[in-house]
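Novice: This is the structure I have questions about; it appears just below.
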Amino acid sequence: MRKSFLSFLLFLIILFFAFLAGSFFLTGGSLKDFSLDDFKDYKPAAIEQKEQEINTYASRFNRFIDIKSEVDKKINKNTYISLDDMPFFIKYAVIAAEDKRFYSHFGVDMEGIARASLVNIQEGEIVQGGSSITQQLAKNLFLSNERSYFRKGEEVVLALLLENNYTKDEILEIYLNSVYFGSGAYGISEASYIYFDKNPIDLNLAECAMIAGLLTAPSLNSPYVDFDAAKRRQALVLDAMAKQSFISPELAAKAKTVNIRLKKDN
């Protein structure tokens, strides 16, 4: 099983680099073009742009060779905490809100992609991604928000590499430490302090559900921007948690009535 997975992964990586090489040469790129000696008469901005191009290609290559070291470079170690130091409910709130099949798929939710593909075909452009938590992590760490099939392909390959190098809990831990929660908060530690002035471990179910609900549109759903929108998203997350049997319907209903006290209100 592992051998077939690695063979499939190798095929995707080769396919990706074939696309990468094609785009490189179609745009007139060559190894000689990447020599800074050719730009002695250029303005510094031109040299800087060329250096960025070199770093982009080098970075992409390194991600496929040693993705763990590349992930490590992106992690903010000052705010990083382990999954064991996070509140019990945040893990299940995020899974319910973002990727209910997280523990059963191999990094790519084919059902979610199929559903999104139908919408994209109907719209004539990419309007939905159908991304799993692993794909979101790959995009958040390494990729832009560009909507293209090429970028989506790169995201899929990186997600497969993440799944092959980390456990599910490790992926979720890195995701929760790096994802944007709105209002300038990156990661669960910053979100806990910015919204509730608490250590993450002290968040209750109602607060966890509100934080998880921010992920679909963190800038719009922030309780500091639109508290009513944040409460609506919180209710949807609680309902999803109950539907997936992470909590009971009674506990979900009770959490909806809990008074939310934000840091700025104290």
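118 is the number of the first residue of the sequence shown in the working numbering; add one for each residue after it.
Even for Gly, the Cβ is constructed at its ideal location relative to N, Cα and C.
With DSSP run on the structure shown, which of helix, strand or coil describes TYR341?
Specialist: Locating residue 341 in the sequence shown gives position 224, where the first residue counts as 1. Correct three-state label for TYR341: coil.
Novice: Inspect the CB distances between the stretch 301–319 and the stretch 258–268 and report whether three or more fall short of 8 Å.
Specialist: Counting Cβ pairs under 8 Å, fewer than three are found: no touch.
Novice: Rounded to whole angstroms, how far is the Cβ of PRO340 from the Cβ of MET327, which I believe are closer than 8 Å?
Specialist: Translated into the one-based positions of the sequence shown, residue 340 becomes position 223. Translated into the one-based positions of the sequence shown, residue 327 becomes position 210. So it is a contact: roughly 7 Å between Cβ atoms.
Novice: DSSP three-state label for TYR82, please.
Specialist: The requested residue 82 is not part of the displayed model; the chain covers only 118 to 383.
Novice: Going by the beta-carbon positions, is the gap between LEU355 and ALA369 smaller than 7 Å?
Specialist: The residue labelled residue 355 in the question sits at position 238 within the sequence shown. The residue labelled residue 369 in the question sits at position 252 within the sequence shown. The answer is yes: Cβ separation under 7 Å.
Novice: Under three-state DSSP, which class holds TYR292?
Specialist: As a first step, residue 292 must be located in the sequence shown, where it is residue number 175. Helix, per DSSP.
Novice: Quick one: residues in its chain with C-beta nearer than 6 Å to the C-beta of ALA329, no 5 flanking neighbours on either side, listed in chain order?
Specialist: Translated into positions along the sequence shown, residue 329 becomes position 212. Excluding residues within five positions, the ones whose Cβ falls inside 6 Å are ALA210, VAL211, ALA214 and VAL354.
Novice: Indicate the three-state DSSP secondary structure (helix, strand or coil) for GLU168 in the structure shown.
Specialist: Within the sequence shown, numbered from 1, the residue matching residue 168 stands at position 51. A caution first: GLU168 carries a pLDDT of 44, below 50, which makes its placement in the model too unreliable to give a value.
Novice: Return helix, strand or coil for TYR220, following the three-state DSSP convention.
Specialist: On the sequence shown, residue 220 is found 103 positions in, with the first residue counted as 1. Looking at TYR220 - three-state DSSP - the assignment turns out to be coil, as it is neither helix nor strand.
Novice: Identify which residue in VAL375, GLU367 and LEU279 has its Cα closest to the Cα of GLN252.
Specialist: As a first step, residue 252 is located in the sequence shown; it is residue number 135 there, counting from the start. The shortest C-alpha separation from GLN252 is found at LEU279.
Novice: What separation, rounded to the nearest whole angstrom, lies between the Cα atoms of ILE198 and LEU275?
Specialist: Position 81 of the sequence shown, counted from the start, is the residue given in the question as residue 198. Position 158 of the sequence shown, counted from the start, is the residue given in the question as residue 275. Answer to the nearest angstrom: the Cα atoms are 23 Å apart.
Novice: Would you report the Cα separation of SER365 and ASN321, rounded to the nearest angstrom?
Specialist: In the sequence shown, residue 365 corresponds to position 248, counting from 1. In the sequence shown, residue 321 corresponds to position 204, counting from 1. Cα to Cα, SER365 sits roughly 15 Å from ASN321.
Novice: Does DSSP put TYR303 in a helix, in a strand, or in coil?
Specialist: Along the sequence shown, read from residue 1 onward, the residue named residue 303 stands at position 186. DSSP places TYR303 in strand when its eight states are reduced to three.
Novice: Counting C-beta neighbours from all protein chains within 10 Å, is the total for GLU367 16 or more, i.e. buried, or is it exposed?
Specialist: As a first step, residue 367 must be located in the sequence shown, where it is residue number 250. Per the 10 Å Cβ criterion, exposed.
Novice: Considering only residues of the same chain and omitting the five flanking positions on each side of SER300, which have a CB-CB separation below 6 Å?
Specialist: Reading the sequence shown from its first residue, position 183 is the one you call residue 300. Only ILE311, SER339 and TYR341 meet the Cβ criterion.
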